[in-house]
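Note sheet for the following structure.
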Amino acid sequence: MIASTTNADLVVVTPSYAPDLELCSDLNHSVLELTSKDVEHHIIVPTKDLPLFRRLTGPRTVLHSVREFLPTSMIKVPGANVWVNARRPWP
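Counting in the working numbering, the sequence shown runs from 1 upward without gaps.
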């Protein structure tokens, strides 16, 4: 669950990853510029991409690792932005 850091009425949540850094940066800029000052932007990225996205953090932008939200049974497929549930790998 994403909790507001400032009791905001609206929180924008964006999943992203390294190849989308510039697009996410543009989106973050738009959220901050075009919404009221109490709107927060929460960005969720793979743990390895956290250092790349740290420049976006600020009073209204919060960065999260996907590990904060996925159960430990979820494992990342190497070379892809895909996660598989190890307990039930096939639907």
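Ideal Cβ placement from N, Cα and C applies to all residues, glycine included.
These figures come from a predicted structure and were not determined experimentally.
Just the C-alpha distance for residue i and residue j, rounded to the nearest angstrom, thanks.
i: Ala8; j: Asp49; result: 26 Å
i: Phe32; j: Val82; result: Note that residue 32 is Leu in the sequence shown, not Phe. If I take the Cα positions, the gap works out to 29 Å.
i: Glu68; j: Leu34; result: 28 Å
Just mark residue i as buried or exposed, buried being the case when its beta carbon has 16 or more other beta carbons within 10 Å.
i: Ser36; result: exposed
i: Ser73; result: exposed
i: Ser30; result: exposed
i: Glu40; result: buried
i: Thr47; result: exposed
First and last residue of the beta strand (DSSP E) that includes residue i?
i: Asn28; result: Careful: Asn28 lies outside any beta strand (DSSP E), inside the alpha helix (DSSP H) at Leu21 to Leu34.
i: Pro15; result: Val11 to Pro15
i: Leu63; result: Thr61 to Ser65
If you drop the 5 nearest sequence neighbours on each side, which residues of the same chain put their C-beta closer than 8 Å to that of residue i?
i: Arg54; result: Leu63
For residue i and residue j, which I take to be in contact (beta-carbon distance under 8 Å), what is that distance rounded to the nearest angstrom?
i: Val11; j: His42; result: 6 Å
i: Val13; j: Ile44; result: 7 Å
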